[in-house]
Each structure stands twice: as structure tokens, then as C-alpha cells.
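To keep things clear, I will list the structure first and then write my remarks on it.
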Ligand code: SAH
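Numbering (the numbering used here), first residue to last: -16 to 234.
The structure is reproduced here in C-alpha cells:
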């Protein structure tokens, strides 16, 4: 059986003793019905994983002992930040879940000119549910760090911030920009002599980015790139781009 994995707050681990609480405690005791002697992996979001042997599984508490600590293997070297224009809640959830599996480090919902007001309004109301989706996907896919869900950002501020962060920043455009994602990544690698440490990707809403937005992004030095001749849905485009970065730089 693959060992169950749980992200926990760091203060649950104290001098190699782990005290589980809340939902994790419930999972271990009532859902998985684990017993003293069983092992789980506990992650404190530092990139390390602790192997834990349960020592006590009772109604009034679940406690374990750390038996081994090692770096988690699921983190990509490249830090991928996905600026994804607001989508219908269910589609956004799909992006969060699959993006986490693919190795995205940060998600930033974006408000663009053609964003649908209802889609934007839904985002901040669902933060808690969405953090849970990310956590579960991170546990399932054996990430060592929890991807961050950032507050919704306006397009222009996001451009500024992405560039200030020093990442290679690309805006996905379906209007045949001169470079493909692959070419942009290859060019960055040959200019610097090494793969970029961080890549930020801007993905537009269902109606696409306006030409002003693509122009404005270019003013910030953000490079427009294509994912090929087919028009992808917004949620597909972000995931394909993230997978493309992983393929080009990690595999
Ligand atoms: N409404 C537009 C399509 C928008 S697709 C139309 O029908 O013409 C939504 C977003 O996905 C776009 O803003 C872009 O960021 C991304 N996207 C979709 N297909 C793409 C492609 N082939 N290349 C690059 N980006 C793409």
C-alpha cells in the first residue's frame, strides 16, 4: 500500500513527536482506520517529508514518532507560476487540481478586460475549498511543497509583479505570435546558458486577452507565445503550458 501522505502545520511536530488533529486525525483514525505501528508520511511544507510511525490511535488523540526525514522528491526545479484568468468555479478547480499534479508552485487568478464578472466574484469566496483541493492534489501527487493560491490580481499589477519577481514571463496568445512556448524556453536557455529557474505563464479568459493587454504585457518585457494552431479552452491552455514547461525543462 502506498503510504498515506498529509500536509500538516509545522507546530504539530515537536521533538520528533507528531500530534495529529482535525481532518488529518479523522482520516487516520476513522477513514483509513490505521493502528499503532502503521506508518504515514507527514509533510510540513518545507520540502522535506517525515516518515512517522503511529504510536497512539485513540478517540482522544492520534500521535506518532518521526522515524526518518528526507527531502521530498516531487518538487520540480523550475518554479512555475500560473496567472490564470478567472474561470467558472468548476473549471478553475480543475486547473488547481491538475496544475498541482503537474508541478505548478503558485496560482494567481487574474482579472482581465474580458473577464466575466460572475467568474471573478466566485473566486475569493471559494478560497478555503480551493486550498483543500490543492492540498489533496499535492498529497496525491507527492509534492513536497504546497502550491500557493494567491489573491486575485488585476492584469496590469500582475504584469508588474511577475516581471519584478525575475521569472521568465510568457503570455499565451492564440493570435499567432512569432514564438512558440517551446522556442521561447529554448531561447531563454541558450541566452542564459541554463534553464530558467522560474517561469510565469499568463493565460487569458474564454474571450481571450485583448490586443491592448498583449501589447501592454510586451511593454513589461513579457513574451507572447503560441501553443500551436488550435484554439484551446482557457483551462486547457494553462495546463498544456505548464506541462510544456515541465517537459522542456524537467524531463
Ligand atoms: N476567444 C478566443 C480564444 C480564447 S482561448 C477565440 O475564440 O479566438 C483562452 C486563452 O487560452 C487565450 O487567451 C490564451 O491565453 C490561451 N490559448 C488558447 N489557445 C491558445 C493557443 N493556441 N496558443 C496560445 N494560447 C492559447
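Think of the CB as a built atom: it goes at the ideal place given N, C-alpha and C, for glycine as much as any other residue.
query: Could you tell me if residue 15 is buried or exposed, where buried requires 16 or more neighbouring beta carbons within 10 angstroms of its beta carbon?; result: exposed
query: Using only the alpha-carbon positions, how far apart do residue 30 and residue 191 sit?; result: 36 Å
query: Just reading off the beta strand (DSSP E) that residue 100 is part of, what are its end residues?; result: First-last for residue 100: 100 to 108, but that is the alpha helix (DSSP H), not the beta strand (DSSP E).
query: Say the cut is 6 Å; is the CB of residue 94 nearer than that to a heavy atom of the ligand SAH?; result: no
query: Run through DSSP, which three-state label would residue -3 get?; result: strand
query: I need the boundaries of the alpha helix (DSSP H) containing residue 142, first residue and last residue.; result: 138 to 147
query: When the Cα of residue 35 is compared with those of 26, 134 and 41, which residue comes out closest?; result: 26
query: For residue 217, report the span of its alpha helix (DSSP H) as first-last.; result: 217 to 232
query: Does the beta carbon of residue 193 fall short of 6 Å from some heavy atom of the ligand SAH?; result: no
query: Apart from the five residues just before and just after residue 197, which ones in its own chain have a Cβ nearer than 7 Å to its Cβ?; result: 154, 156 and 207
query: Tell whether a beta-carbon distance below 7 Å holds between residue -10 and residue 129.; result: yes
query: Please report the Cβ distance between residue 114 and residue 83, rounded to the nearest whole angstrom; I am assuming they are in contact, meaning their Cβ atoms lie under 8 Å.; result: Not quite, the Cβ-Cβ distance comes to about 11 Å (not below 8 Å), so this is no contact.
query: Does the contact criterion of 3 or more C-beta pairs under 8 Å hold for the stretch 130 to 138 versus the stretch 82 to 98?; result: yes
query: In the DSSP assignment, find the unbroken beta strand (DSSP E) run with residue 89 in it and report its ends.; result: 87 to 94
query: Counting C-beta neighbours from all protein chains within 10 Å, is the total for residue -6 16 or more, i.e. buried, or is it exposed?; result: exposed
query: Ignore the nearest five residues each way along the sequence and tell me which others in residue 55's own chain have a CB closer than 8 Å to its CB.; result: 26, 30, 31, 32, 125, 126, 127 and 128
query: Measuring straight from C-alpha to C-alpha, what distance separates residue 48 and residue 171?; result: 46 Å
query: According to DSSP, is residue 203 part of a helix, a strand, or is it coil?; result: coil
query: With a threshold of 8 Å on Cβ separation, who are the neighbours of residue 169 within its own chain once the five nearest residues in sequence on each side are excluded?; result: 231
query: Just checking, does the stretch 64 to 79 make contact with the stretch 202 to 220 on the three C-beta pairs under 8 Å criterion?; result: yes
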